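For reference, the structure is listed below as structure tokens.
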């Protein structure tokens, strides 16, 4: 065998790993004949491959095990799982990637999302060090479908860390289930007619274990102690599975479960309100209090405004002239809400699966699958910041006058430095208002699913497959409370990011740990009370029939019915800042607060930062104010209702009907050439009904619409001998908008002195694209592959969340939606989704996987998986809600142009170890940065390193150690491509799992 590896102009990274592979090729060619036989490993064989999901033969049948004389070599563990997954990928007509369990209840990573990031083209975003969401070939979770046991799965839950929000889209949250419950994952990157429509990125099939995967009695259990570095928490993680078959292996029953507890702590600097021009919130106090200010940065406003500034005592009544002149210039940005935060989340996760299979004859198989998950979270979000940066001219409320309630317009700038990009890097401010909040949330996520599938052979040529099932994801927040303590008009606040933008110095200028320096202020301080509920239901029925005309042609027809319902409900306290009186007699702020004196763990904040402060004590406040009574008591009106949360009371029902026809083919072309694949088309009819509110005084708003799509698809695989496959695929693809964005009406928030409104759009255009794929796969050794793939997705339409900055008078929102007496000139930001022009996503994936059996001695027990993905995306973004206004061509959000995943493993004699690294380059998170501005927010590049070690003491007992986030990778977000102000810099620490695993 002769090999040659040549190329030029490659990146250093790509060239390096290709060179490694090429250097090994001469010895690889005869590795199977020349290598010394490996001793058979103990323990049961690797779990069944993902062939049922891909419709291909079992891997063991497709590729016989190597032999040494008359002895069969059974490859198990990680290497066996990789080999079986590669066989499934190779045999599929579609473009797929497969991940298999190493053994029963033993998936290769602690989290399913972390396993998926090893797949070329997939990137994940971690939440508190744990993978939660995926992006496939440039498209996020709402554009990629996840199916659990064949049924589409939607999960509504909230995140673990700072700033996470409730998922009301079509995406799946991979943190719901422990990885031990899954047997295989198939990622379908190309579309075929027989696969249900609904994905532009990929269809991810999750399969739980079934009793016929390996017949007979089998069981496994694992117990781990989990150590979380941030907070030094030690908590349990347990999983178990038992399966058996009866009646001559014609009936099988399997049950599995997993339970874990996890306490996540996060330390953060954040400016989540983003930086904005200095005129935002009616600017700062001018040199002469009461003077009118003509805006320079007219994206904020074009009309002159007068900051409500109370003159300071002494000679300098307003801002210091030199400092004010440094800030009040064109293009100067100021942080709107710089602050520190600690997030503590106590989680409990329970997952259960069950399967019953009955095979009365070789031609009939009935399978019933069930899955349940409960995910409980109790979160405290402690945050402190100079809140006046994000508050404008105030309005009289409670015990405060308008002047007392005013924020930034009353702040006096004493010193300032602005860098060349226009970002304020240093400032000293007087009359600054400070806030300390404690937000407590108790949430529950329940996920239920049950399905039944029937496979019935009809003669020797036909097969009928039936599926019926339903699922439900119910997310509840039975308790949410946010309480604040405040300090008004404090002098000497220092903001300094000159040394380090990511960790600026915040010196409050007073002792924030002394309760005497804080107040609970009627008309300003918050007692927010809220309850929420998001209910997603899904029903699915499918019938598929196939007929083998001959050895070369198989016809398939089928029909799928799907019905989604989405309902969200919310009630809130109607007047969150109003109480009847200050603190009751005999009660002090000290009685209602706790101390934090060790903030900044792992952040390395500069000396002089305020790291000790008090936080409201939620339980103590409830004992005094009884704010959960849903009543009017002596201390205030604590009734809750929908009037303050109308936008989160809405409903969507979507019904999809889709028949299809497909022809599979397998043609020998002479010699060693074989052309196989499929061609077909699916017709999709969509009907949607939605409801929502605009105002509590107006009737509910309803919307109806239907649309239809014709979706042709083709997949080709040309086998050139036994080792080389050329692939091509083309398809029209459809992804429907997130259900939560399809509702009419909206919500108006009147908290604070900047009103906001979020409005739905029931007429959002579905996302449609033309997808093209091509690839080459070289299976140069058993269990090895070197492959490359290129892809293009031409998006015909897209959707963008657009912001309109206007006034109450000009908003078009009925006056009944605002509090009585609202000034019609009050500013309001209106956000809604609108259909926009599409764009193009192009990319290349390079994948290398190989066990190093060609090497001598112990080196033959090593192996590697390396893949690289490059994505070039261009999308047209509207900068304002005006469709004829300015636009920006930029990358798609949440897409890293470059990503690399690499795993090096060792496996021999019952010992296994691996280390995995995942790199993704920086990416955009929001476009535009603010209405009208051609700029964006984004994330810096990330690198996560995980490791795992296991050792089998006996064939049935093993020890294992898993280590996650060894690089202690921070969450690292910026805003503004040029100014690069820090939006979030936070750390959650490393995680370690040590335990024992028993199998039978």
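Numbering (this note's numbering), first residue to last: 35 to 1034. Glycine residues also receive a C-beta, built at the ideal position from the N, C-alpha and C atoms. Fair warning: this is a prediction, and the values are worked out from it, not measured in the lab.
Taking C-beta atoms under 8 Å as the contact rule, residue 949 and residue 979 qualify, at a distance of about 7 Å. Secondary structure of residue 1033 (DSSP, three-state): strand.
9 Å or more divides the Cβ of residue 432 from the Cβ of residue 628. Each of 457, 455, 458, 466 was checked against the Cα of residue 441, and the nearest Cα belongs to 466. Only exposed fits residue 666, as fewer than 16 other CB atoms lie within 10 angstroms of its CB. Residue 156 and residue 1009 have their alpha carbons spaced roughly 24 Å apart. Relative to the Cα of residue 588, the nearest Cα in the group 596, 544, 578, 646 belongs to 578.
Scanning 111, 376, 124 for the CA closest to the CA of residue 631 turns up 376. At a Cβ-Cβ threshold of 9 Å, residue 146 and residue 233 do not count as neighbours.
Secondary-structure assignment with DSSP links residue 552 through no beta bridge to anything. Along the length of the stretch 792-872, whole beta strand (DSSP E) runs at least 3 residues long occupy 801-812, 819-841, reported in chain order. By the Cβ neighbour-count rule, residue 1007 is buried, with 16 or more other Cβ atoms within 10 Å of its own.
Our two residues, residue 249 and residue 989, have alpha carbons roughly 19 Å apart in a direct line. In the structure shown, residue 1024 adopts coil according to DSSP, grouped into three states. Secondary structure at residue 421: helix, using DSSP grouped into helix, strand and coil.
Of the other Cβ atoms in all chains shown, 16 or more fall within 10 Å of the Cβ of residue 648; this residue is therefore buried.
Just so you know, the alpha carbons of residue 364 and residue 264 end up roughly 43 Å apart. Per DSSP, residue 613 lies in no alpha helix (DSSP H) and is assigned neither H nor E. Here residue 753 carries a strand assignment [DSSP, helix/strand/coil]. Burial of residue 319 is indicated by the presence of at least 16 other C-beta atoms within 10 angstroms of its C-beta.
In this chain, the beta strand (DSSP E) harbouring residue 481 covers 466-492.
Using a 10 angstroms sphere on the CB of residue 739, the tally of other CB atoms stays under 16, which defines it as exposed. For a cut-off of 8 Å, the C-beta gap from residue 895 to residue 822 is around 28 Å, too long to register as a contact.
For residue 210, the three-state secondary structure derived from DSSP is coil. The shortest CA-to-CA distance from residue 379 to any of 473, 408, 179, 395 is the one to 473. Residue pairing from DSSP places residue 252 in a beta bridge opposite 277. A direct Cα-Cα distance of roughly 27 Å separates residue 708 from residue 745.
Within the stretch 323-397, the complete beta strand (DSSP E) segments at least 3 residues long are 367-369, 373-395, listed from N- to C-terminus. About 17 Å separates the beta carbon of residue 734 from that of residue 791, a gap too long to meet the 8 Å contact definition. Where residue 450 is concerned, the enclosing beta strand (DSSP E) starts and stops at 446-452. Distances from the CA of residue 651 to each of 421, 607, 517 were compared; the closest alpha carbon is that of 517. If you draw a straight line from the Cα of residue 575 to the Cα of residue 187, it comes to about 14 Å. Counting C-beta atoms within 10 angstroms of its own C-beta, residue 299 has 16 or more neighbours from the protein chains shown and is therefore classed as buried. Between the stretch 504-519 and the stretch 550-564, the count of Cβ pairs shorter than 8 Å is three or higher; the stretches touch.
For residue 716, the uninterrupted beta strand (DSSP E) segment begins and ends at 707-726. Of all alpha-carbon atoms in 753, 457, 618, 769, the one lying nearest the alpha-carbon of residue 690 is that of 769.
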